[in-house]
Amino acid sequence: MARKPGPLATYNKKRDFTKTAEPAGKVGDQDGFNFMVQKHDATRLHYDFRLELDGTLKSWAVTRGPSLDPNDKRLAVRTEDHPLSYATFEGTIPKGQYGGGTVMLWDRGTWTPHAGKDPRKTLAEGHLHFSLDGERMKGEWVMFRLKPRSGDRTENWILRKVEDEHAGSSAGLTEKYLTSIKTGRTMIEIADGKKAKLLASWTKPPRRGGPAGGTTRRRAQSGSSTKARSSTRPPPFREPQKATLVDAVPAGTGWIHEMKFDGYRCLLGIGGGKAKLYTRSGLDWADKFPEIAEAALGIEADSALLDGEIVKLDDQGRSGFSALQQAISEGGRGLTLFLFDALQIDGEDLTRLPNIERKQKLASLLGDGRPPFILYADHIVGHGEKLFDAMCEAGQEGIISKRADALYRGTRTKSWLKVKCTRRQEFVIIGWSESDKKSRAFRALLLGLHEDGKLRYAGKVGTGFSMAVQQTLIEELQALQTDKAPAPVPRPEARGAHWVKPQLVAEVAFAEFTADNVVRHASFLGLRSDKKASAIVAETPQPLPGSQTDAEAEVKITNPDRLIFPDGNVTKGQLADYYRQVGALMSEWTANRPISLVRCPQGREKKCFFQKHDAGSFGKHVHHVPIREKNGKTEDYLYVADVAGILACVQMGTIEFHGWGSKVDDVERPDRLIFDLDPDIGLGFDEVKRAARDLHRHLADMGLQAFPLLTGGKGLHLVVPLTPKAEWPEVKDFAQRFAIALATAEPDRFTANMAKAKRSGRIFLDYLRNQRGATAIMPYSARAREGAPVSAPVSWDELDDMTSGARFTVKDVELLIERASARPLQGWGEASQVLPNL
Numbered sequence: 001m002a003r004k005p006g007p008l009a010t011y012n013k014k015r016d017f018t019k020t021a022e023p024a025g026k027v028g029d030q031d032g033f034n035f036m037v038q039k040h041d042a043t044r045l046h047y048d049f050r051l052e053l054d055g056t057l058k059s060w061a062v063t064r065g066p067s068l069d070p071n072d073k074r075l076a077v078r079t080e081d082h083p084l085s086y087a088t089f090e091g092t093i094p095k096g097q098y099g100g101g102t103v104m105l106w107d108r109g110t111w112t113p114h115a116g117k118d119p120r121k122t123l124a125e126g127h128l129h130f131s132l133d134g135e136r137m138k139g140e141w142v143m144f145r146l147k148p149r150s151g152d153r154t155e156n157w158i159l160r161k162v163e164d165e166h167a168g169s170s171a172g173l174t175e176k177y178l179t180s181i182k183t184g185r186t187m188i189e190i191a192d193g194k195k196a197k198l199l200a201s202w203t204k205p206p207r208r209g210g211p212a213g214g215t216t217r218r219r220a221q222s223g224s225s226t227k228a229r230s231s232t233r234p235p236p237f238r239e240p241q242k243a244t245l246v247d248a249v250p251a252g253t254g255w256i257h258e259m260k261f262d263g264y265r266c267l268l269g270i271g272g273g274k275a276k277l278y279t280r281s282g283l284d285w286a287d288k289f290p291e292i293a294e295a296a297l298g299i300e301a302d303s304a305l306l307d308g309e310i311v312k313l314d315d316q317g318r319s320g321f322s323a324l325q326q327a328i329s330e331g332g333r334g335l336t337l338f339l340f341d342a343l344q345i346d347g348e349d350l351t352r353l354p355n356i357e358r359k360q361k362l363a364s365l366l367g368d369g370r371p372p373f374i375l376y377a378d379h380i381v382g383h384g385e386k387l388f389d390a391m392c393e394a395g396q397e398g399i400i401s402k403r404a405d406a407l408y409r410g411t412r413t414k415s416w417l418k419v420k421c422t423r424r425q426e427f428v429i430i431g432w433s434e435s436d437k438k439s440r441a442f443r444a445l446l447l448g449l450h451e452d453g454k455l456r457y458a459g460k461v462g463t464g465f466s467m468a469v470q471q472t473l474i475e476e477l478q479a480l481q482t483d484k485a486p487a488p489v490p491r492p493e494a495r496g497a498h499w500v501k502p503q504l505v506a507e508v509a510f511a512e513f514t515a516d517n518v519v520r521h522a523s524f525l526g527l528r529s530d531k532k533a534s535a536i537v538a539e540t541p542q543p544l545p546g547s548q549t550d551a552e553a554e555v556k557i558t559n560p561d562r563l564i565f566p567d568g569n570v571t572k573g574q575l576a577d578y579y580r581q582v583g584a585l586m587s588e589w590t591a592n593r594p595i596s597l598v599r600c601p602q603g604r605e606k607k608c609f610f611q612k613h614d615a616g617s618f619g620k621h622v623h624h625v626p627i628r629e630k631n632g633k634t635e636d637y638l639y640v641a642d643v644a645g646i647l648a649c650v651q652m653g654t655i656e657f658h659g660w661g662s663k664v665d666d667v668e669r670p671d672r673l674i675f676d677l678d679p680d681i682g683l684g685f686d687e688v689k690r691a692a693r694d695l696h697r698h699l700a701d702m703g704l705q706a707f708p709l710l711t712g713g714k715g716l717h718l719v720v721p722l723t724p725k726a727e728w729p730e731v732k733d734f735a736q737r738f739a740i741a742l743a744t745a746e747p748d749r750f751t752a753n754m755a756k757a758k759r760s761g762r763i764f765l766d767y768l769r770n771q772r773g774a775t776a777i778m779p780y781s782a783r784a785r786e787g788a789p790v791s792a793p794v795s796w797d798e799l800d801d802m803t804s805g806a807r808f809t810v811k812d813v814e815l816l817i818e819r820a821s822a823r824p825l826q827g828w829g830e831a832s833q834v835l836p837n838l
């Protein structure tokens with residue numbers, strides 16, 4: 001009888017181990033639940049996804065890599081089982097050998113089969129349901145086998161993310177993580193055989209109810225973050241910004257909207273290997289939240305002061321104040337800090353930056369956060385009513401709406417608004433009434449509010465207390481008991497009441513204030529030890545402020561009926577409306593960098609000209625930064641800081657906005673690199689897209705993320721965000737050598753020579769935008785071209801569907817806003833990276 005081949009027979013048969021460094025196949029122990037992903041640049045780039053089961057690695061080649069978007073169904077081709085020893089393999093498989101090419105260990109961790117499912121059985125049946133606890137891939141995932149078609153020679157599966165707290169965008173994994181979790185090397189460095197980089201490491205705690213986690217590595221630190229952490233301290237407390245209660249959700253893209261968390265406001269300060277968790281009054285409560293404080297030390301910054309809210313989440317991801325209080329009383333474990341703003345990072349004061357830019361810096365700093373203890377609080381642009389309805393339907397407290405271009409101010413402002421699903425606020429406890437039931441410690445709490453400098457009676461609350469809460473409360477109340485009522489109380493309510501010093505603050509939900517100005521249908525939620533009793537006043541919803549800021553309202557658009565785009569029938573007023581609506585999105589990229597304007601005061605078909613200096617005619621909303629020019633003279637260059645500045649430029653006849661690759665606070669160090677793909681006449685946009693993807697792959701092999709930008713013309717820009725470290729000569733040199741190398745390797749497709757005669761049938765790789773003083777079109781800027789097209793950032797997935805670099809026009813403003821609120825654009829341009837050493 002023929003002997004049945006082992007599970008690794010196919011693996012061994014395909015390889016010559018005298019020529020490849022891959023390990024020979026040998027079945028290992030059968031009790032592990034590890035997984036790993038290897039980025040593999042063979043015949044075509046793919047990601048090998050492997051699950052340990054019964055002593056081998058069950059393997060699939062995921063052609064486009066895993067996606068965090070639950071809507072993405074990624075093809076995963078089943079391959080031969082691999083040995084467990086393959087889990088650490090990284091290197092180069094020689095050409096001519098099976099799978100010849102570069103292999104990077106891209107992710108690793110543990111996996112847990114879905115409860116009640118035997119993975120051996122379901123694998124055979126054609127489906128898998130599991131959770132991953134990797135360094136990059138996390139949360140719940142599913143795989144299922146496709147029905148075979150005639151002629152199929154492979155077993156095709158689909159890998160898909162399940163909607164949970166780890167879900168995100170298509171670009172959230174493969175576009176974001178470009179280096180090895182084992183050695184810190186890029187694909188090119190692995191191929192060149194460069195030595196492993198030194199990576200700081202820390203050990204993850206075991207997951208509850210699953211296999212112990214492995215070792216996780218933080219990305220190698222660079223620049224200022226390599227300083228000894230003992231040389232810094234956590235930044236001191238600063239007054240947090242507070243929101244004004246309003247009666248409706250503000251409309252328009254000038255606002256971003258976040259979930260209103262039901263918890264304790266917290267400013268996180270880190271530095272010198274220490275973490276402080278400041279309450280809204282400045283107390284350090286790090287000892288009350290030990291898991292969050294410990295997780296905060298993993299945030300990669302020398303120092304930072306970050307704003308957020310500490311909550312207790314239930315199984316459905318909802319926050320509840322009562323559950324938070326109980327968790328604090330039990331040691332402050334199992335809690336989550338959602339961070340939504342950044343006041344300072346590595347010594348840089350961010351409070352003068354627009355809100356949307358601060359959030360971008362926070363997202364870049366946090367990455368995936370430190371789940372489950374520290375997470376980034378996401379937002380949407382516009383569509384606040386939809387988020388509000390969803391929050392109310394889910395039983396949440398409401399939403400916070402913030403002006404996208406607002407600065408951070410340590411006070412209560414109308415640039416931050418809160419809209420609540422139900423009425424709730426804090427009250428001062430002024431006494432209690434006795435219960436006629438022995439099982440209850442008291443009947444009701446008597447409440448007060450400050451008004452005109454005095455404490456007044458505001459009603460009572462008699463529900464919402466558990467037996468344990470009542471017992472704890474009565475002990476605190478008795479310790480504060482006094483003979484005199486802190487405020488005048490109606491005789492019926494005062495009869496038999498016990499009074500206390502007005503020091504305790506209760507959070508109460510209620511239906512409304514009655515005609516007598518007392519609460520109706522009140523329910524106790526918990527004590528607020530983070531708020532001072534002396535500051536508690538009635539919180540009355542105010543009418544919604546205007547959708548424009550005062551600064552925007554100051555900018556008057558004259559001659560709004562003047563036709564700026566005769567071919568597109570777009571007037572000056574319509575162009576201003578476009579910029580007013582899209583301005584918050586545009587400010588994220590355009591604000592606070594030197595700009596050059598294309599002005600066409602009489603319309604695009606009349607005289608147009610560039611302008612980069614200003615003698616003062618633009619008004620107070622357009623600013624100036626002195627920059628030294630080649631001739632040694634210093635000139636004032638234009639820049640804008642907000643939507644009002646953009647509108648002021650439009651009032652002066654501006655159509656296009658072109659920006660430097662650096663910010664005004666450090667003009668000598670670029671924060672982005674631009675490759676302009678300029679096709680020869682006759683080349684279609686499909687060729688441009690193919691070229692963009694090739695550049696994208698080459699840059700990724702170097703460890704650089706790049707993002708596509710439709711220019712509103714025939715070409716395409718690749719935007720490479722940079723940490724401002726290298727100066728202009730170094731950035732230009734890198735861009736030039738990259739473009740020349742690509743043009744030399746594929747001379748039939750590319751040229752790095754700007755001469756028109758050299759472009760015949762080719763794409764010009766314009767690297768010259770990466771030199772001091774050069775500019776590039778800004779995202780969402782209109783173009784002075786036929787049809788009023790606009791520049792627009794897109795995701796790599798979306799690029800496939802684009803037929804032109806001028807896909808969008810100023811009339812597509814609602815579509816552009818909707819896209820910017822959707823998952824595919826999250827992370828566009830948000831990379832913390834420096835130029836590689838080539």
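Residue numbers for the sequence shown follow UniProt numbering, beginning at 1 and rising by one.
Don't be surprised by glycine CBs; every beta carbon is placed ideally from N, CA and C.
message: Using the Cβ count rule (16 or more neighbours within 10 Å means buried), how would you classify residue 561?
response: Against the sequence shown, residue 561 aligns to sequence position 561. Of the residues assessed, residue 561 falls on the exposed side of the cut-off, its CB having fewer than 16 other CB atoms within 10 angstroms.
field: Proximity below 7 Å, CB of residue 433 to CB of residue 443
entry: Start at 1 with the first residue of the sequence shown, and residue 433 comes out as number 433. Start at 1 with the first residue of the sequence shown, and residue 443 comes out as number 443. Yes, these two residues count as a Cβ contact at 7 Å.
Endpoints, the alpha helix (DSSP H) within which residue 579 is located: What you label residue 579 is simply residue 579 of the sequence shown in a count that begins at 1. First-last of the alpha helix (DSSP H) with residue 579: 572-590.
- prompt: Roughly how many whole angstroms lie between the Cα atoms of residue 842 and residue 703?
  reply: Not covered by the structure: residue 842. The range shown for the chain is 1 to 838.
- prompt: Which partner residues does residue 104 have in the DSSP bridge list?
  reply: Residue numbering aside, residue 104 sits at position 104 when the sequence shown is read from its first letter. Per DSSP, the beta bridge partners of residue 104 are 39.
- prompt: DSSP on residue 819, reduced to helix/strand/coil?
  reply: If you number the sequence shown from 1, residue 819 lands on position 819. The answer is helix: DSSP assigns residue 819 an H, G or I state.
query: Hey, how far is the Cα of residue 304 from the Cα of residue 269?
result: What you label residue 304 is simply residue 304 of the sequence shown in a count that begins at 1. What you label residue 269 is simply residue 269 of the sequence shown in a count that begins at 1. C-alpha of residue 304 to C-alpha of residue 269: approximately 6 Å in a straight line.
Close beta carbons around residue 10, own chain, < 8 Å, minus the five adjacent residues each side: Here the question's residue 10 lines up with position 10 in the sequence shown. Excluding residues within five positions, the ones whose Cβ falls inside 8 Å are 80, 81.
- prompt: By a C-beta neighbour count over all protein chains shown, 10 Å radius and 16 as the cutoff for buried, is residue 463 buried or exposed?
  reply: Locating residue 463 in the sequence shown gives position 463, counting from the first residue. That one is exposed.
message: Any contact between the region 446-456 and the region 406-419? By contact I mean 3 or more CB pairs, one from each, below 8 Å.
response: Counting Cβ pairs under 8 Å, fewer than three are found: no touch.
task: State the beta-bridge partners of residue 675 as determined by DSSP.
output: Numbered from 1 along the sequence shown, position 675 holds the residue referred to as residue 675. Looking at the DSSP assignment, residue 675 forms a beta bridge with 718.
query: Around the Cβ of residue 609, are there at least 16 other Cβ atoms within 10 angstroms (buried) or fewer (exposed)?
result: Here residue 609 corresponds to residue number 609 of the sequence shown, with the count starting at 1. Exposed, because fewer than 16 other Cβ atoms sit within 10 Å of the Cβ of residue 609.
Inter-residue spacing [alpha-carbon to alpha-carbon] between residue 613 and residue 91: Looking up residue 613 in the sequence shown gives position 613. Looking up residue 91 in the sequence shown gives position 91. Each residue's Cα considered, the two are about 53 Å apart.
task: Report all residues from its chain with a CB closer than 6 Å to the CB of residue 423; omit the five preceding and five following residues, and keep chain order.
output: As a working mapping, residue 423 is identified with position 423 in the sequence shown. Taken in chain order, the residues that qualify are 510.
query: Would you call the CB atoms of residue 158 and residue 257 closer than 7 Å?
result: For this step, residue 158 is matched to residue 158 along the sequence shown. For this step, residue 257 is matched to residue 257 along the sequence shown. No, Cβ-Cβ distance for residue 158 and residue 257 is not below 7 Å.
message: Could you tell me the alpha carbon to alpha carbon distance between residue 190 and residue 45, rounded to whole angstroms?
response: By one-based count along the sequence shown, residue 190 stands at place 190. By one-based count along the sequence shown, residue 45 stands at place 45. Rounded to whole angstroms, the gap between the alpha carbons of residue 190 and residue 45 is 15 Å.
- request: On a CA-only basis, which of 589, 801, 584, 809 is nearest residue 790? Give me that one, please.
  value: Taking the sequence shown and counting its residues from 1, the one referred to as residue 790 is at position 790. The shortest Cα separation from residue 790 among 589, 801, 584, 809 belongs to 809.
query: Are residue 569 and residue 664 touching if we call contact CB-CB under 7 Å?
result: Counting from 1 along the sequence shown, the entry for residue 569 is found at position 569. Counting from 1 along the sequence shown, the entry for residue 664 is found at position 664. No.
- request: Would you check if the distance between the CB atom of residue 676 and the CB atom of residue 766 is smaller than 7 Å?
  value: Stepping through the sequence shown from its first residue, residue 676 is reached at position 676. Stepping through the sequence shown from its first residue, residue 766 is reached at position 766. Cβ atoms of residue 676 and residue 766: closer than 7 Å.
query: The alpha helix (DSSP H) with residue 696 in it runs from where to where?
result: As a working note, residue 696 is residue 696 in the sequence shown. Run containing residue 696: 685-701, per the alpha helix (DSSP H) assignment.
- prompt: Can you tell which of 395, 497, 429, 418 has the C-alpha that lies nearest to the C-alpha of residue 436?
  reply: For this step, residue 436 is matched to residue 436 along the sequence shown. If we check each option's Cα against that of residue 436, 497 comes out closest.
- prompt: With 16 as the cutoff for other CB atoms within 10 Å, does residue 222 come out buried or exposed?
  reply: For the purposes of this step, residue 222 is identified with residue 222 of the sequence shown, where counting begins at 1. Below a pLDDT of 50, predicted positions are generally treated as unreliable, and residue 222, at 33, falls in that range; the measurement from the model is reported next regardless. Residue 222 is classed as exposed because its beta carbon has fewer than 16 other beta carbons within 10 Å across all chains shown.
message: Can you check which of these residues, 500, 449, 485, is closest to residue 474 by C-alpha distance?
response: Position 474 of the sequence shown, counted from the first residue, corresponds to residue 474. The shortest Cα separation from residue 474 among 500, 449, 485 belongs to 500.
- request: State whether the region 301-315 contacts the region 260-267, with contact taken as three or more CB pairs (one from each stretch) at a distance under 8 Å.
  value: Three or more beta-carbon pairs drawn from the region 301-315 and the region 260-267 are found closer than 8 Å, and the two stretches are therefore classed as touching.
message: For residue 58, report the span of its beta strand (DSSP E) as first-last.
response: Here residue 58 refers to the residue found at position 58 when the sequence shown is read from its first residue. Judged by DSSP secondary structure, residue 58 falls within the beta strand (DSSP E) whose first and last residues are 56-62.
query: For the candidate residues 699, 573, 469, 395, whose alpha-carbon lies nearest to that of residue 737?
result: Indexing the sequence shown from 1 puts residue 737 at position 737. Residue nearest to residue 737 within the set 699, 573, 469, 395 is 699 (criterion: CA-CA distance).
- prompt: Is the CB-CB distance between residue 244 and residue 271 below 7 Å?
  reply: As a working note, residue 244 is residue 244 in the sequence shown. As a working note, residue 271 is residue 271 in the sequence shown. Result no, Cβ atoms of residue 244 and residue 271 do not sit closer than 7 Å.
query: Out of curiosity, what's the CA-to-CA distance linking residue 816 and residue 792?
result: Residue mapping note: residue 816 aligns to position 816 of the sequence shown, counting from 1. Residue mapping note: residue 792 aligns to position 792 of the sequence shown, counting from 1. Approximately 8 Å, taken between the alpha carbons.
task: Given a cut-off of 7 Å, decide if residue 469 and residue 445 are closer than it, judged by their beta-carbon atoms.
output: By 1-based counting over the sequence shown, the position of residue 445 is 445. By 1-based counting over the sequence shown, the position of residue 469 is 469. Here residue 445 is not near residue 469, since their CB atoms are 7 Å or more apart.
- request: Consult DSSP for residue 415 and reduce its assignment to one of helix, strand or coil.
  value: Position 415 of the sequence shown, counting from 1, holds the residue named residue 415. For residue 415, the three-state secondary structure derived from DSSP is strand.
The beta strand (DSSP E) enclosing residue 398, as first and last residue numbers: Numbered from its first residue, the sequence shown carries residue 398 at position 398. That run of the beta strand (DSSP E) goes 398-403.
- request: Report back the beta-carbon spacing between residue 776 and residue 659 to the nearest angstrom; my notes put them in contact at under 8 Å.
  value: If you number the sequence shown from 1, residue 776 lands on position 776. If you number the sequence shown from 1, residue 659 lands on position 659. With a Cβ gap of about 7 Å, residue 776 and residue 659 count as contacting.
message: Are the CB atoms of residue 346 and residue 905 within a distance shorter than 7 Å?
response: The structure shown does not extend to residue 905, since the chain spans only 1 to 838, so no value can be given for it.
query: Nearest CA to the CA of residue 372: which residue from 33, 133, 29, 801?
result: Taking the sequence shown and counting its residues from 1, one reaches residue 372 at position 372. Residue 133 is the option with its Cα nearest to residue 372.
- prompt: Going along the chain, which unbroken runs of the alpha helix (DSSP H) with 4 or more residues stay wholly within the region 598-684?
  reply: Whole alpha helix (DSSP H) segments, 4+ residues: 643-651.
Residue 644 beta carbon less than 7 Å from that of residue 555: Taking the sequence shown and counting its residues from 1, one reaches residue 555 at position 555. Taking the sequence shown and counting its residues from 1, one reaches residue 644 at position 644. The answer is yes: Cβ separation under 7 Å.
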